[in-house]
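Chains W and L supply the protein sequences, listed in that same order. According to our numbering, the first sequence holds residues 1 to 369 in order. According to our numbering, the second sequence holds residues 370 to 738 in order. Positions of the beta carbon are idealized from the N, C-alpha and C atoms, including for glycine.
Number of protein chains: 2
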Amino acid sequence: MRGPRFTPIVQALPATVPFVGPEQMERDRGAPFAARLGANESVFGPSPQALAALQASAGEIWKYPDSTSFELRHALADDLGVAPENIVVGAGIDGLLDSTVRLMVGTGDHVVTSDGAYPTFNFHVAGYGGTLHKVPYRDDHEDPDALLAKAHEVGAKLVYLSNPDNPMGTWLSAERIEAMIAALPEGCVLVLDEAYVEFAPADAVPALDVTDPAVLRFRTFSKAHGMAGARVGYALGRSDVIAAYEKVRNHFGMNRSAQIGALAALRDHDWLAHVQSAVVAARESIAAIARDNGLVPIPSATNFVAVDCGGDGDFARRVLGALVARGVFVRMPFVAPEDRCIRISAGPPEMLDALAAALPQALEAARNG
Amino acid sequence: MRGPRFTPIVQALPATVPFVGPEQMERDRGAPFAARLGANESVFGPSPQALAALQASAGEIWKYPDSTSFELRHALADDLGVAPENIVVGAGIDGLLDSTVRLMVGTGDHVVTSDGAYPTFNFHVAGYGGTLHKVPYRDDHEDPDALLAKAHEVGAKLVYLSNPDNPMGTWLSAERIEAMIAALPEGCVLVLDEAYVEFAPADAVPALDVTDPAVLRFRTFSKAHGMAGARVGYALGRSDVIAAYEKVRNHFGMNRSAQIGALAALRDHDWLAHVQSAVVAARESIAAIARDNGLVPIPSATNFVAVDCGGDGDFARRVLGALVARGVFVRMPFVAPEDRCIRISAGPPEMLDALAAALPQALEAARNG
């Protein structure tokens, strides 16, 4: 027969799209959103220094990027007190999760995560033929004991944990995570997704130990640094584990300006502090708006707040749909019981005003619908 | 044992780096290059409209990119007379080759290319466990007959051809490639790399037939559009084949500004025409410089010229080393007999002046060394 012969793994994959992005939702509804509070972006924007670096570098976009991300890796290493060889830069945490799964997972391999945790990780596990095992959240937190028990049971090669957590915004203590690391099964790597680490209290961040081959930590410029569109993330780990990425990564895949902008963002500590306090204020505003409407905000160590709508998933989905119809883009957890919540990103006052205006109507519509 | 268990494919891979980029070479030599003529970048730069779009979009880098590349795919479709469903956008041709190989190639699968053709394709084939078969160039051209014969012999799932060719700059007629397409074995897909298509004569470009499931064509904004640092490429094919990329690609992996800049570049036909004529002039200058030094330029349909240094690979490597030592970054083919050449990218007069000044000294150094 004429045409491609896809691999058995690919033939078995659904032709699904993991997310529908807000641009597609805007096209579908025929109008832009008034408040873009669904993707946990940093609506406060990038550092002015990063912005200037992006603009200044545009004229040299004709040059291929530095395939080693030399300057960015060295700056990160200096900041974190590790060596550049402990760091690999990739196209966001998404891209690095792809490479990570590819390095370790094939048909017949087992991976553990929480039911309702980051779906793009699951997409990659399926994409390389792995078998995914999910354990439930416990009291709106990821559950290290259940994750560990399942990892031991199935002989997992990877176990995924995000701390602070997405989509609930909750967090575990450093002590709890360090105990989990100590109890990992042989041959199992903890994929510790720290996308929101800059918003976490210090005692929620385990000590950075790059001598341990069983832990990979993933961080990003998409959240606190306000550069989601640039696609810059990095993974931290033992140098021999990090070196393995060289075998599979797209060496010239990192946008040149994005690397330069990320470097400038990293150096702008004032902007980071500004965003951190703006996020604290926005979390308090979202919580107040929730309470004003009789809803319960879940305490958050991220740049978003999960708000318990007080009903089941169908009710929360109706609230979400009614908000989206009113130009307020938010998202929600995928599975029960967390899907009783809607997830609202931190934003500036004008967007939260739009939320405050739309939420009572959305709740009324949901109660009537 | 504590730590990762890599897949058998990964364990067998060398920890090599496919290319050393010019930034790394500059760090190694402790000085910048005076002439950056080695990576077939468009030294003439991006369209002023693309530059303006990159700068204008920087402030919205806090937004995740449109995961569907909706506007860019629609604009490309309009330009090319195909449907948006015939197009997938990716992080340069490199990123799309990765996905393409991943979709079709696993352990035990066979792939055919030319010995000395694009090494990143080979990197991906090895990276997914495929077996690569190489056939020689014939008279400095890729050889469709040899590629087809080998593809039939081994039952190849993919056969790679670049037209115009890198690293030699030569080209095949549309008729020749259409005959090759007609003679593809069952279950074999032609990976037609058209990175340099905007520099090719019209009769070197086969008709675009997106009804054929056995052909995928790869194009880029890195060459004629002067945006190598942005990492934007696209693949063209039958809609059901293109749809398969949705199963594996990083949906949110495309830099937001890069998409916006590429769209502006696509619309700036005047700049493209300017670059095309500047490249013709630069090719003529490079050829003249070569002849002035007693060397033979190979006719080119790309933005570079392979120059026959008149000796063997060792001699050409010495010429190249002597040029690099004098601040002129060029590259060369990897295998004999093409490695008798050095490969010089089109550049503006001041860089070609630097080449003209350095080449006699480099040749003398090579002859003495």
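Own chain partners of residue i with C-beta closer than 7 Å, once the 5 adjacent residues on each side are dropped
{"i": "GLU410/L", "result": "ALA597, SER714"}
{"i": "VAL319/W", "result": "CYS309, ILE342, ALA362, LEU363, ALA366"}
{"i": "ALA230/W", "result": "PHE221, ASN255, ALA258, GLY261, ALA262"}
{"i": "PRO434/L", "result": "PHE621, MET623, ASN624, ARG625, GLN628"}
{"i": "HIS124/W", "result": "LEU97, ASP98, VAL101"}
{"i": "PRO729/L", "result": "ASN662"}
{"i": "GLY738/L", "result": "ARG687"}
{"i": "GLY716/L", "result": "ALA404, LEU406, VAL412, ALA651"}
{"i": "PRO743/L", "result": "Here chain L covers residues 370 to 738 and nothing more, so residue 743/L does not appear."}
Close-in-space but distant-in-sequence residues of the same chain around residue i (CB under 8 Å, 5 per side omitted)
{"i": "HIS521/L", "result": "PRO554"}
{"i": "PHE121/W", "result": "LEU97, VAL101, THR113, TYR160, VAL191, ASP193"}
{"i": "ALA83/W", "result": "ALA77, VAL210, SER239"}
{"i": "HIS274/W", "result": "PHE44"}
Same chain only: Cβ atoms within 6 Å of residue i, ignoring 5 sequence neighbours per side
{"i": "ASP165/W", "result": "GLU142"}
{"i": "TRP271/W", "result": "SER47"}
{"i": "HIS133/W", "result": "VAL112, LYS150, VAL154"}
{"i": "ASP370/W", "result": "The requested residue 370/W does not occur in the structure, where chain W is confined to residues 1 to 369."}
{"i": "ILE655/L", "result": "VAL674, ILE713"}
Exposed unless 16 or more other CB atoms sit within 10 angstroms - verdict on residue i
{"i": "ALA35/W", "result": "buried"}
{"i": "ASP609/L", "result": "exposed"}
{"i": "PHE334/W", "result": "exposed"}
{"i": "THR539/L", "result": "buried"}
{"i": "ASP28/W", "result": "exposed"}
{"i": "MET1/W", "result": "exposed"}
{"i": "HIS479/L", "result": "buried"}
{"i": "ARG652/L", "result": "buried"}
{"i": "VAL580/L", "result": "Before going further, note that residue 580/L is Thr rather than Val in the sequence given. By the 10 Å Cβ count, THR580/L comes out exposed."}
{"i": "LEU208/W", "result": "exposed"}
{"i": "ASP681/L", "result": "exposed"}
{"i": "ARG291/W", "result": "exposed"}
{"i": "GLY390/L", "result": "buried"}
{"i": "ALA551/L", "result": "exposed"}
{"i": "ALA670/L", "result": "buried"}
{"i": "HIS594/L", "result": "buried"}
{"i": "ALA356/W", "result": "buried"}
{"i": "SER531/L", "result": "buried"}
{"i": "ALA657/L", "result": "exposed"}
{"i": "ASP203/W", "result": "exposed"}
{"i": "PRO32/W", "result": "exposed"}
Cβ-Cβ separation, residue j to residue i (assumed contact under 8 Å), whole Å
{"i": "PRO575/L", "j": "GLU547/L", "result": "5 Å"}
{"i": "GLY606/L", "j": "LEU585/L", "result": "4 Å"}
{"i": "SER69/W", "j": "VAL89/W", "result": "4 Å"}
{"i": "VAL248/W", "j": "GLY496/L", "result": "5 Å"}
{"i": "PHE323/W", "j": "VAL307/W", "result": "According to the sequence as given, residue 323/W is Leu; it is not Phe. The Cβ separation is near 11 Å, so there is no contact."}
{"i": "MET394/L", "j": "PHE673/L", "result": "Not quite, the Cβ-Cβ distance comes to about 17 Å (not below 8 Å), so this is no contact."}
{"i": "ASP637/L", "j": "ALA421/L", "result": "No, ASP637/L and ALA421/L are not in contact; Cβ-Cβ is about 10 Å, not under 8 Å."}
{"i": "THR376/L", "j": "GLY95/W", "result": "With a Cβ gap of about 18 Å, THR376/L and GLY95/W do not count as contacting."}
{"i": "ARG588/L", "j": "VAL558/L", "result": "Going by Cβ atoms, the distance from ARG588/L to VAL558/L rounds to 16 Å, so no, they are not a contact pair."}
{"i": "ILE242/W", "j": "GLU71/W", "result": "Going by Cβ atoms, the distance from ILE242/W to GLU71/W rounds to 17 Å, so no, they are not a contact pair."}
According to DSSP, residues forming a beta bridge with residue i
{"i": "LYS503/L", "result": "THR482/L"}
{"i": "VAL458/L", "result": "TYR603/L"}
{"i": "HIS510/L", "result": "ARG507/L"}
{"i": "LEU527/L", "result": "VAL480/L, VAL558/L"}
{"i": "ASP677/L", "result": "VAL665/L, CYS710/L"}
{"i": "ARG371/L", "result": "According to DSSP, ARG371/L bridges with nothing at all."}
{"i": "LEU216/W", "result": "VAL191/W"}
{"i": "VAL10/W", "result": "VAL10/W is not bridged to any residue."}
{"i": "VAL697/L", "result": "ALA404/L"}
heavy atom of the ligand ATP below 6 Å from residue i C-beta
{"i": "ASP512/L", "result": "The ligand ATP is not part of the structure shown, which contains no ligands of any sort."}
Short CB-CB distance (under 7 Å) between residue i and chain B
{"i": "LEU561/L", "result": "The question asks about chain B, but that chain is absent: this structure's protein chains are W and L."}
Problem - Where the segment 44-55 of chain W meets chain L: residues whose CB sits under 8 Å from a CB there - result: Hits within the stretch, in order: PHE44, GLY45, PRO46, ALA50, LEU51, LEU54, GLN55.
Exercise for the section: Could you name the residues of the segment 58-77 of chain W whose beta carbon sits closer than 8 Å to any beta carbon of chain L, in the order they occur along the chain? Expected result: Under the 8 Å Cβ criterion, the segment 58-77 of chain W contributes ALA58, GLY59, GLU60, ILE61, TRP62, LYS63, TYR64, PRO65, ASP66, SER67, THR68, PHE70.
Practice task
Give, in chain order, every residue of the segment 643-654 of chain L whose Cβ lies closer than 8 Å to some Cβ of chain W.
Solution key: So nothing in the stretch comes that close.
Practice task
With 8 Å as the C-beta to C-beta threshold (strictly closer), list the residues of the segment 615-646 of chain L near chain W in chain order.
Solution key: Going along the segment 615-646 of chain L in chain order, one finds GLU615, LYS616, VAL617, ASN619, HIS620, PHE621, GLY622, MET623, ASN624, ARG625, SER626, ALA627, GLY630 with a Cβ nearer than 8 Å to chain W.
Problem - Against chain W: residues of the segment 570-591 of chain L by CB proximity under 8 Å - result: Listed by position, the residues of the segment 570-591 of chain L near chain W (Cβ gap below 8 Å) are ASP581, PRO582, ALA583, SER591.
Practice task
Could you list the residues in the segment 525-537 of chain L with a C-beta less than 9 Å from some C-beta on chain W, going in chain order?
Solution key: Here the close residues are LYS526, LEU527.
Problem - Cβ-based contacts, 9 Å cut-off: residues of the segment 2-23 of chain W near chain L - result: Of all residues in the segment 2-23 of chain W, ARG2, GLY3, PRO4, ARG5, PHE6, THR7, PRO8, ILE9, VAL10, LEU13, PRO14, ALA15, THR16, VAL17, PRO18, PHE19, VAL20, GLY21, PRO22, GLU23 have a Cβ within less than 9 Å of some Cβ in chain L.
Exercise for the section: Could you list the residues in the segment 700-723 of chain L with a C-beta less than 8 Å from some C-beta on chain W, going in chain order? Expected result: Answer set for the segment 700-723 of chain L: empty.
Problem - Where the segment 75-100 of chain W meets chain L: residues whose CB sits under 8 Å from a CB there - result: Residues passing the 8 Å Cβ filter: ALA91, GLY92, ASP94, GLY95, ASP98.
Exercise for the section: Compile a chain-ordered list of the residues in the segment 168-184 of chain W whose CB is closer than 7 Å to at least one CB of chain L. Expected result: Along the segment 168-184 of chain W, none of the residues has a CB nearer than 7 Å to a CB of chain L.
Practice task
Could you list the residues in the segment 222-233 of chain W with a C-beta less than 7 Å from some C-beta on chain L, going in chain order?
Solution key: Taking 7 Å as the cut-off between beta carbons, the residues of the segment 222-233 of chain W near chain L are GLY226, MET227, ALA228, GLY229, ALA230, ARG231, in sequence order.
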